[in-house]
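What follows is a short report on a single structure.
Number of protein chains: 2
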Amino acid sequence: MQKFAFLGLAIFFTLVLCLSINAAQPQPPLWQVYQQSLKTAKYVDLTHTITPNIPVWSGFGTSKFEPTINPKTLQPYNYKKDGFEATHYDLSTDQLGTQLDPPAHWNPEYPAIDELPATFAVRPLVVIPIQDKVAQDPNYHLTVKDIQAWERRHGKILEGSVVFVRSDWSKEWPNPELATRTKFPGVSLDALKFLHLQRHILFHGHEPLDTDSTPTLEGEAWLLHNGYTQAEGVANLDRVPETGALVTIGYPKFKGGLGGYARYIAICPPNWSYGVSVGQIPESPLQKADKSLHWNKQLGVRVR
Amino acid sequence: MQKFAFLGLAIFFTLVLCLSINAAQPQPPLWQVYQQSLKTAKYVDLTHTITPNIPVWSGFGTSKFEPTINPKTLQPYNYKKDGFEATHYDLSTDQLGTQLDPPAHWNPEYPAIDELPATFAVRPLVVIPIQDKVAQDPNYHLTVKDIQAWERRHGKILEGSVVFVRSDWSKEWPNPELATRTKFPGVSLDALKFLHLQRHILFHGHEPLDTDSTPTLEGEAWLLHNGYTQAEGVANLDRVPETGALVTIGYPKFKGGLGGYARYIAICPPNWSYGVSVGQIPESPLQKADKSLHWNKQLGVRVR
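From first to last, the protein sequence lines stand for chains A and B.
The first sequence begins at 1 in the working numbering and counts up by one.
The second sequence begins at 1 in the working numbering and counts up by one.
Listed below in structure tokens is the structure:
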């Protein structure tokens with residue numbers, strides 16, 4: 001009898017345990033945000049892939065990728081022999097690819113990349129289109145009027161937003177000749193001042209590798225000497241909405257770093273025509289590729 | 001009279017214009033999410049700052065930072081002379097600092113870092129604590145029972161979550177001796193299989209630089225040979241809640257890259273005791289520092 005009572009108790013507690021795990025516990029508020037809004041959103045990468053051959057200012061020299069070397073044998077690690085590989089990067093500059101410029105790039109009194117606050121994480125994304133005007137004039141620069149026209153269509157720009165300027169300049173990427181042009185779509189100093197002083201945005205970003213085509217780079221000078229950050233080399237702005245998306249901001253945290261290697265991903269509404277949603281493609285586990293990754297000496301990168 | 005009519009019309013249209021901009025237009029849904037939930041959240045950085053002297057496996061050799069050189073003069077760019085500086089990185093490995101390992105680190109048939117989907121952006125964050133057990137046994141490894149204990153407290157782990165294991169191992173960071181230890185807190189293979197096969201998480205992460213202390217690294221082998229990703233070198237897990245936070249995932253997009261230089265930022269509830277909220281500290285413009293940034297030859301980095 002005692003044995004049955006014990007068994008009964010054991011079953012009872014097991015049931016309570018199972019129920020307490022599986023019962024529809026109310027989700028914490030931020031997890032509800034994920035389940036209801038972020039999971040079904042469409043994700044669009046706004047980042048260029050970095051290779052040794054992408055457009056970069058000639059004053060920075062060239063960068064090189066190599067397989068990581070075993071310091072004992074001086075041979076590169078190899079999947080077959082060692083079971084793994086890794087990559088050695090010789091990067092001549094942290095002004096490479098899609099970037100986030102901290103003000104210390106020009107002014108050592110302001111923060112370096114590792115000193116930006118953790119609140120540089122996810123923000124409302126405003127995309128202001130100037131590609132039609134750039135098609136007429138490759139040296140067109142965003143004006144205050146262009147910003148006001150955006151606001152008439154979509155409402156006032158939210159404080160703390162990230163504002164990216166769509167010019168379609170990056171459609172020729174990775175043509176290295178892009179970095180040598182003296183005429184390219186820019187952002188006027190007046191527009192930068194309006195965005196920061198009147199609208200109090202977090203930062204703006206543009207597709208080219210410089211803010212404007214003036215001889216003194218007057219826009220970048222004003223931004224970085226006054227403690228503002230900016231994004232450069234932003235991609236795929238033709239695949240995100242002008243309003244209503246968010247953007248995640250990621251970048252490696254190199255001590256005293258002055259730029260570099262940023263990652264921007266747009267989080268667009270679920271009915272948006274570009275991008276992928278969580279669960280739409282295999283992510284864990286990821287899908288096997290048809291071809292194996294291997295080092296290509298001529299290109300200086302691993303390819304399939 | 002005509003003049004007054006014209007003036008009246010002009011005033012009328014100006015008013016309409018102003019109202020149409022400033023009227024409380026309904027915000028797009030994802031911007032409401034930002035305004036209501038993300039803006040007031042507390043942001044906690046889970047990333048180590050990368051320097052040439054942080055703990056790293058001796059088999060990868062050392063890395064070096066230098067100021068970027070002007071290829072014409074062979075002199076480093078300098079704030080006083082050139083108006084800007086930049087950084088040259090010689091990184092012996094992409095397995096450095098806080099990492100996101102793509103499966104191609106061990107298996108070339110699976111994706112490299114630039115091939116991960118854009119949905120690796122923001123996820124629910126689960127933090128499973130084992131630091132009390134690690135205090136008794138520095139070689140303690142997370143078990144399925146530890147995960148089940150977490151679920152009894154907080155409910156079933158959400159599909160697609162990021163699961164970080166708190167061991168407090170990183171409290172000794174950046175002591176280089178950390179990378180030489182053969183006993184350190186790990187994650188058992190059974191726990192990894194439970195998280196992926198039963199709970200279908202996106203990826204797990206741990207504070208040490210390896211997944212477990214077995215001679216064959218059996219956990220990492222299982223993960224990467226089966227197409228899963230993992231985070232290593234995660235920091236500050238003592239400053240985030242066990243449940244209810246989100247985490248942003250950022251990393252540079254090097255072609256064919258096999259690890260590296262990731263950024264994780266936890267987005268915690270507004271009443272959480274650690275972290276900063278948007279608008280709580282100056283971010284645009286950022287605050288001037290007391291001391292100027294300058295190159296320190298001995299440390300091999302820019303410091304203040």
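Ideal placement from N, C-alpha and C gives every residue a C-beta, glycine not left out.
To the nearest angstrom, how far is it from the Cα of residue i to the Cα of residue j?
{"i": "Glu172/A", "j": "Ala179/B", "result": "44 Å"}
{"i": "Arg153/A", "j": "Gly97/B", "result": "45 Å"}
{"i": "Gln287/A", "j": "His48/B", "result": "30 Å"}
{"i": "Glu259/B", "j": "Ile147/B", "result": "In the sequence under discussion, the amino acid at residue 259/B is Gly, which differs from the Glu named in the question. Approximately 27 Å, taken between the alpha carbons."}
{"i": "Leu293/A", "j": "Asn139/A", "result": "40 Å"}
{"i": "Leu17/B", "j": "Leu189/A", "result": "Low per-residue confidence applies at Leu17/B: pLDDT is 47, beneath 50, and the placement is therefore not dependable, though the value from the model is reported in the following sentence. Their backbone Cα atoms lie some 25 Å apart in a straight line."}
{"i": "Pro52/A", "j": "Gly59/A", "result": "15 Å"}
{"i": "Trp295/A", "j": "Gly257/B", "result": "11 Å"}
{"i": "Asn22/A", "j": "Ala245/B", "result": "Low per-residue confidence applies at Asn22/A: pLDDT is 48, beneath 50, and the placement is therefore not dependable, though the value from the model is reported in the following sentence. Taking the straight line joining both Cα atoms gives about 20 Å."}
{"i": "Asp101/B", "j": "Ala221/B", "result": "12 Å"}
{"i": "Pro71/A", "j": "Leu158/B", "result": "43 Å"}
{"i": "Trp106/B", "j": "Pro215/A", "result": "48 Å"}
{"i": "His225/B", "j": "Gly160/B", "result": "20 Å"}
{"i": "Glu242/B", "j": "Ala104/B", "result": "30 Å"}
{"i": "Thr87/A", "j": "Ala112/B", "result": "11 Å"}
{"i": "Pro353/A", "j": "Asp137/B", "result": "Nothing can be reported for residue 353/A: it is not among the residues displayed for chain A, which extend from 1 to 304."}
{"i": "Arg123/B", "j": "Thr68/B", "result": "36 Å"}
Using 8 Å for Cβ pairs, my map puts residue i next to residue j. What's the rounded Cβ distance?
{"i": "Val247/A", "j": "Val162/A", "result": "5 Å"}
{"i": "Phe254/A", "j": "Tyr89/B", "result": "7 Å"}
{"i": "His204/B", "j": "Ser284/A", "result": "Contact doesn't hold; Cβ gap of about 10 Å is too wide."}
{"i": "Leu192/A", "j": "Gly219/A", "result": "5 Å"}
{"i": "Ala118/A", "j": "Ile265/B", "result": "5 Å"}
{"i": "Glu232/A", "j": "Leu209/A", "result": "6 Å"}
{"i": "Leu237/A", "j": "Phe164/A", "result": "6 Å"}
{"i": "Pro29/A", "j": "Ser37/B", "result": "7 Å"}
Based on the DSSP secondary-structure assignment, which residues constitute the bridge partners of residue i?
{"i": "Leu209/A", "result": "Answer is none; Leu209/A lacks a bridge partner."}
{"i": "Gln230/B", "result": "Asp101/B and His204/B"}
{"i": "Asn296/A", "result": "Val301/A"}
{"i": "His141/B", "result": "Gly186/B"}
{"i": "Arg305/B", "result": "Nothing about residue 305/B can be reported from this structure: the residues present for chain B run from 1 to 304 only."}
{"i": "Ile128/B", "result": "Val165/B"}
{"i": "Phe194/B", "result": "In DSSP, Phe194/B forms no bridge with anything."}
{"i": "Tyr264/A", "result": "Ile249/A"}
Could one say the Cβ of residue i lies closer than 8 Å to chain A's Cβ atoms, at least one of them?
{"i": "Lys81/B", "result": "no"}
{"i": "Ser167/B", "result": "no"}
{"i": "Val211/B", "result": "Per the sequence shown, the amino acid found at residue 211/B is Thr instead of Val. It does not: the Cβ of Thr211/B has no partner Cβ on chain A nearer than 8 Å."}
{"i": "Gln95/B", "result": "yes"}
{"i": "Tyr274/B", "result": "no"}
{"i": "Thr143/B", "result": "no"}
{"i": "Leu286/B", "result": "yes"}
{"i": "Asp90/B", "result": "yes"}
{"i": "Ala289/B", "result": "yes"}
{"i": "Gly59/B", "result": "yes"}
{"i": "Trp31/B", "result": "yes"}
{"i": "Asp45/B", "result": "yes"}
{"i": "Leu293/B", "result": "yes"}
{"i": "Thr40/B", "result": "no"}
{"i": "Trp150/B", "result": "no"}
Quick one: does residue i have its CB under 8 Å from some CB of chain B?
{"i": "Gln75/A", "result": "no"}
{"i": "Asp238/A", "result": "no"}
{"i": "Asn22/A", "result": "Only weak support exists for where Asn22/A lies, its pLDDT of 48 falling under 50; the coordinates are left without a value."}
{"i": "Gly205/A", "result": "no"}
{"i": "Val16/A", "result": "Residue placement at Val16/A is flagged as unreliable, the pLDDT there being 48, under the threshold of 50; a coordinate-derived value is accordingly withheld."}
{"i": "Val127/A", "result": "no"}
{"i": "Arg302/A", "result": "yes"}
{"i": "Leu178/A", "result": "no"}
{"i": "Leu258/A", "result": "yes"}
{"i": "Asp114/A", "result": "yes"}
{"i": "Ala121/A", "result": "yes"}
{"i": "Gly186/A", "result": "no"}
{"i": "Pro174/A", "result": "no"}
{"i": "Pro103/A", "result": "yes"}
{"i": "Glu218/A", "result": "no"}
{"i": "Leu197/A", "result": "no"}
{"i": "Leu100/A", "result": "no"}
{"i": "Ala86/A", "result": "yes"}
With a threshold of 7 Å (Cβ to nearest heavy atom), would residue i be considered close to the ligand SAH?
{"i": "Leu91/B", "result": "Ligands are entirely absent from the displayed structure, and the ligand SAH is therefore not among its contents."}
Discussion item. My parser needs the alpha helix (DSSP H) runs of 4 or more residues fully inside the stretch 157-186 of chain A; what are they?
Written reply: none
Fill in: Runs of alpha helix (DSSP H) wholly within the stretch 45-119 of chain B (minimum 4 residues, chain order)
79-82
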